[in-house]
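Trainee: After the structure tokens below, expect a handful of questions from me.
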Amino acid sequence: MKTATVERPTITEADFEKFREFFYRKTGIQFDISKRYFVDKRLVERIDATRSDNFRNYFIKLRFEADGAEMQQLVNLMTVNETYFFRESYQFDCMVNHMLDELADQRRPGSRIRIWSIPSSTGEEPYSIAIYLLERWKRLDDFEVEILSSDIDTTVLDSARRGVYSARSVANLPRNYLAKYFKQTLDGDWQISRDLVDAVEFSRVNLSEQADTRRFRDIDLIFCRNLLIYFDDLSRRLAAEAMYDALRPGGFVCLGHSESMSRISSLFHVRRFPDAMVYQKPLEDKR
Amino acid sequence: MGLRKATEPQGLRRIEPRDYARDSDGLIEQLKDPDPSIRRWAARDLSAQPQACAALCQHLLHEKDGSVREVVFTTLGCIGGTPVVDGVLPLLRSEDANLRNSAIELLAGLPDAVGPRIDTLLADPDPDVRIFTVNLLGDLKHPNLVRWLAQVLHDDAHVNVVAAALEVIAEVGATDALPAVQLARQRFTGDPFIEFAADLAVQRIEAA
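Spelled out as structure tokens, the structure:
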């Protein structure tokens, strides 16, 4: 008996080149040749899901679809949305080694410094910031530091407020920090200390929604990592403008390693520190 | 000192009584304020006021502050529609490259409203306007894209407009545009850049 075979879409080298050039231009995310298998696998998955039959049809759909929904699906697939304590910690190093000192030098001792972490996801980032400040910023006692953290998803905000983490999530933490700030639960997870939970103000915010963001003012440092890659162009600009108006003059923004503010907005200056490249609201903007 | 829980109103500022009316007329008036941050906030808030479109487009012609200009473009993108397109199209003739590029970027995000204006733009007597229109096509998600590009390759007499169209068609990679690419190559035989760009376009289209 003859068996019917279904021909699988294939991605040629030319397809891959064309796609990666397009994807880079749209998202700023660059896939090198070592990611070929990863990219091909996801492209084939979307070609099947959209019943496009082949790469050419799918690419046309991707490029021409006015609402960008398929592009969004693909971006979600192509980005690894994983968070854990001390993720991309070079920016936290930059925070305690350079950015906070620069901000502190312009303030009177005792004044307030505000840090906004968005998206909070399940809390790993704002709590990492808190631990870094407590452990690695010598001038913490001279200032009042507030950590605000926001997410559009109320489920993850609830989880952040609970502060219970898997062993995988805390695997990057130095052992002494784990012992100092966490307690192991009976089922092997890790409960963060109440002091840290109480130190962070969580709130629901859609960064591209003005009504949500206009309450945020006088922020000194924003961590907004691996979020803007999920936005369309207009939403990215709205988000950049919201961050600009939330920051004090001279305030900093840290984006994810694959994100570039320069591709979104010309509002910010690029600052290159030994630990990281960040973006800064110009000092001369007086409110 | 140390870590301190943010509590309202210190961390999150309460909405306070306004110095100015935040209605359309009040916000448009604030676009004239000498303080750029007041102009920027006014421009942001006008995104909920489609009737402010003409005032925002007009404001772009003399706004010097880049941060305010950027917000005005974003606000126009939020408002969208034909009035925005018609208000922004004259900026394609601007001598200010930043203003022009921002206009192209904005128009590319409004494919339904800009589509009906493309034929007129491609027939503009100024070749620079036609080149900027082709640049716009490079970012426009519209079903007529290939037809417009083929039309340029087929008819446009200016070598730089055709060169710009070849660059875009090479990326779009539509096989139905191949005859137009070949025709453009023939029309400009002897022009080394057009020959190179046409060959590259054919190569990319056939490889797709």
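Top to bottom, those sequences are chains L and H.
Using the working numbering, read the first sequence as starting at 1 and increasing by one per residue.
Using the working numbering, read the second sequence as starting at 1001 and increasing by one per residue.
For glycine and all other residues, C-beta sits at the position ideal for the given N, C-alpha and C.
Who does L323 of chain L pair with in a DSSP beta bridge?
Mentor: Since the first residue shown for chain L is 1 and the last is 287, residue 323 of chain L is missing from the structure and cannot be characterised.
Trainee: For P1083 of chain H, tell me which candidate among H:L1107, H:R1100, H:G1066 and H:L1092 has the shortest Cα-Cα distance.
Mentor: By one-based count along the second sequence, residue 1083 of chain H stands at place 83. Here the closest residue by C-alpha is H:L1107.
Trainee: Which residues of chain H have a Cβ atom closer than 8 Å to the Cβ of L234 of chain L, listed in chain order?
Mentor: On the first sequence, position 234 is the one that residue 234 of chain L refers to. What L234 of chain L touches in chain H: T1074, G1077, C1078 and G1109.
Trainee: S1037 of chain H: which of L:H269, L:L247, L:T10 and L:R225 sits nearest, CA to CA?
Mentor: In the second sequence, counting from the first residue as 1, residue 1037 of chain H sits at position 37. It is L:L247.
Trainee: Can F55 of chain L and F19 of chain L be called in contact, C-beta distance under 9 Å?
Mentor: Here the question's residue 55 of chain L lines up with position 55 in the first sequence. Here the question's residue 19 of chain L lines up with position 19 in the first sequence. Cβ atoms of F55 of chain L and F19 of chain L: closer than 9 Å.
Trainee: Is the beta carbon of Q1030 of chain H sitting closer than 9 Å to the one on I1079 of chain H?
Mentor: As a first step, residue 1030 of chain H is located in the second sequence; it is residue number 30 there, counting from the start. As a first step, residue 1079 of chain H is located in the second sequence; it is residue number 79 there, counting from the start. Cβ distance not < 9 Å, so Q1030 of chain H and I1079 of chain H don't count as in contact.
Trainee: Can you give me the C-alpha to C-alpha distance between V1071 of chain H and L234 of chain L, rounded to a whole angstrom?
Mentor: Reading the second sequence from its first residue, position 71 is the one you call residue 1071 of chain H. Reading the first sequence from its first residue, position 234 is the one you call residue 234 of chain L. Their backbone Cα atoms lie some 11 Å apart in a straight line.
Trainee: What are the complete beta strand (DSSP E) segments, minimum 3 residues, inside the region 132 to 212 of chain L?
Mentor: If we require 3 residues or more, the beta strand (DSSP E) runs fully inside the region 132 to 212 of chain L come out as 144 to 151, 182 to 184, 190 to 192 and 200 to 204.
Trainee: Using a cut-off of 8 Å between C-beta atoms, extract the partners of G1173 of chain H located in chain L.
Mentor: Residue 1173 of chain H sits at position 173 when you count from the first residue of the second sequence. Simply K18, R56 and F59.
Trainee: Taking 6 Å as the limit between beta carbons, can you name the residues of its chain near L43 of chain L, skipping five residues before and five after?
Mentor: In the first sequence, residue 43 of chain L corresponds to position 43, counting from 1. Cβ within range, chain order: I11.
Trainee: Looking at chain L, which residues of the region 1038 to 1072 of chain H have a Cβ within less than 8 Å of any of its Cβ atoms?
Mentor: Result list: R1040, W1041, R1044, D1045, S1047, G1066, S1067, E1070 and V1071.
Trainee: What separation, rounded to the nearest whole angstrom, lies between the Cα atoms of Q1051 of chain H and E1063 of chain H?
Mentor: As a position in the second sequence, residue 1051 of chain H is number 51, starting the count at 1. As a position in the second sequence, residue 1063 of chain H is number 63, starting the count at 1. So the alpha carbons of these two residues sit roughly 19 Å apart.
Trainee: Could you check whether V1161 of chain H and P1111 of chain H sit closer than 9 Å to each other, using their CB atoms as the reference points?
Mentor: Position 111 of the second sequence holds residue 1111 of chain H. Position 161 of the second sequence holds residue 1161 of chain H. In this structure, V1161 of chain H does not lie closer than 9 Å to P1111 of chain H by Cβ.
Trainee: Beta-carbon within less than 6 Å of V1114 of chain H's beta-carbon, same chain only, minus the 5 sequence neighbours each way: which residues are those?
Mentor: Here residue 1114 of chain H corresponds to residue number 114 of the second sequence, with the count starting at 1. Hits under 6 Å: V1085 and L1107.
Trainee: Which residues mark the beginning and the end of the beta strand (DSSP E) in which R263 of chain L is found?
Mentor: Counted from its first residue, the first sequence places residue 263 of chain L at position 263. Run containing R263 of chain L: none; DSSP gives neither H nor E here.
Trainee: For D187 of chain L, go through chain H and note every residue whose CB falls closer than 9 Å to its CB, in chain order.
Mentor: What you label residue 187 of chain L is simply residue 187 of the first sequence in a count that begins at 1. What D187 of chain L touches in chain H: nothing, since even the nearest Cβ is about 29 Å away.
Trainee: Is P1116 of chain H close to chain L? Criterion is C-beta to C-beta, closer than 9 Å.
Mentor: On the second sequence, position 116 is the one that residue 1116 of chain H refers to. By this cut-off, P1116 of chain H is not an interface position.
Trainee: Using a cut-off of 7 Å between C-beta atoms, extract the partners of A130 of chain L located in chain H.
Mentor: In the first sequence, residue 130 of chain L corresponds to position 130, counting from 1. The contacting residues are L1003.
Trainee: Using only the alpha-carbon positions, how far apart do S159 of chain L and G188 of chain L sit?
Mentor: Stepping through the first sequence from its first residue, residue 159 of chain L is reached at position 159. Stepping through the first sequence from its first residue, residue 188 of chain L is reached at position 188. If you take the alpha carbons of S159 of chain L and G188 of chain L, they lie about 17 Å apart.
Trainee: Taking only beta carbons into account, state which residues of the region 135 to 147 of chain L come closer than 8 Å to chain H, listed in chain order.
Mentor: Within the region 135 to 147 of chain L, the residues whose Cβ lies closer than 8 Å to some Cβ of chain H are L140, D141, D142, F143, E144, V145, E146 and I147, listed in chain order.
Trainee: Check whether the Cβ atoms of K281 of chain L and G251 of chain L lie closer than 9 Å to each other.
Mentor: Translated into the one-based positions of the first sequence, residue 281 of chain L becomes position 281. Translated into the one-based positions of the first sequence, residue 251 of chain L becomes position 251. Cβ atoms of K281 of chain L and G251 of chain L: closer than 9 Å.
Trainee: Find the residues of chain L that neighbour K1141 of chain H, judging by a C-beta separation of less than 7 Å, and give them in chain order.
Mentor: Residue mapping note: residue 1141 of chain H aligns to position 141 of the second sequence, counting from 1. Result: R63, F64, E65 and A66.
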